[in-house]
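S.K.:
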Amino acid sequence: MGTAAEEVVVYTRPGCPFCTLLRRGLRKRGLQFQEINIWQDSAAAAVVRSIANGNETVPTVVVGEWRAVNPSADEVLAAVAEHAPALLPGGRTAG
1 MGTAAEEVVV
11 YTRPGCPFCT
21 LLRRGLRKRG
31 LQFQEINIWQ
41 DSAAAAVVRS
51 IANGNETVPT
61 VVVGEWRAVN
71 PSADEVLAAV
81 AEHAPALLPG
91 GRTAG
């Protein structure tokens with residue numbers, strides 16, 4: 001097993017309703033994350049394309065070695081519990 005992730009990265013773009021839903025869900029659950037706008041960061045857009053089969057599909061989330069395109073907040077929390085449990089709000093487990 002690899003090293004635990006040090007942060008949750010959520011790649012987004014303006015006007016993305018799925019990004020808004022995910023942000024709300026993660027904030028409601030108290031999860032801290034770094035949000036990166038792929039329209040303002042070409043390197044971030046390249047990361048998203050590498051994950052999303054050449055597409056700039058957002059939200060795309062990275063937690064350590066775990067990557068997902070348009071995951072639910074619950075899926076992100078489950079990934080955090082597995083790959084970066086220290087990042088869970090209050091040290092609790094997902095679910």
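Going letter by letter, the sequence shown gives residues 1 to 95 in UniProt numbering. Idealized CB from N, CA, C, for every residue including glycine.
Under the three-state reduction of DSSP, which class applies to V80: helix, strand or coil?
M.R.: In this structure, V80 counts as helix in the three-state DSSP scheme.
S.K.: Is the separation between the beta-carbon of A46 and that of I36 shorter than 7 Å?
M.R.: No, Cβ-Cβ distance for A46 and I36 is not below 7 Å.
S.K.: Drop a sphere of 10 angstroms on the beta-carbon of residue 105, count the other beta-carbons inside from all chains shown, and report buried for 16 or more, exposed for fewer.
M.R.: The structure shown does not extend to residue 105, since the chain is modelled only from 1 through 95, so no value can be given for it.
S.K.: Pull up the CB-CB distance for L31 and V80, whole angstroms please, since I reckon it's below 8 Å.
M.R.: Yes, they are in contact, since the Cβ atoms of L31 and V80 sit about 7 Å apart, within 8 Å.
S.K.: Could you check the C-alpha separation between C16 and I38 for me, to the nearest Å?
M.R.: Cα-Cα distance, rounded: 11 Å.
S.K.: Report the rounded CA-to-CA distance for A84 versus L26, giving the unit in angstroms.
M.R.: In a straight line, the C-alpha of A84 is about 15 Å away from that of L26.
S.K.: Just the Cα atoms here: how many angstroms apart are E56 and G90?
M.R.: E56 and G90: Cα-Cα distance of roughly 33 Å.
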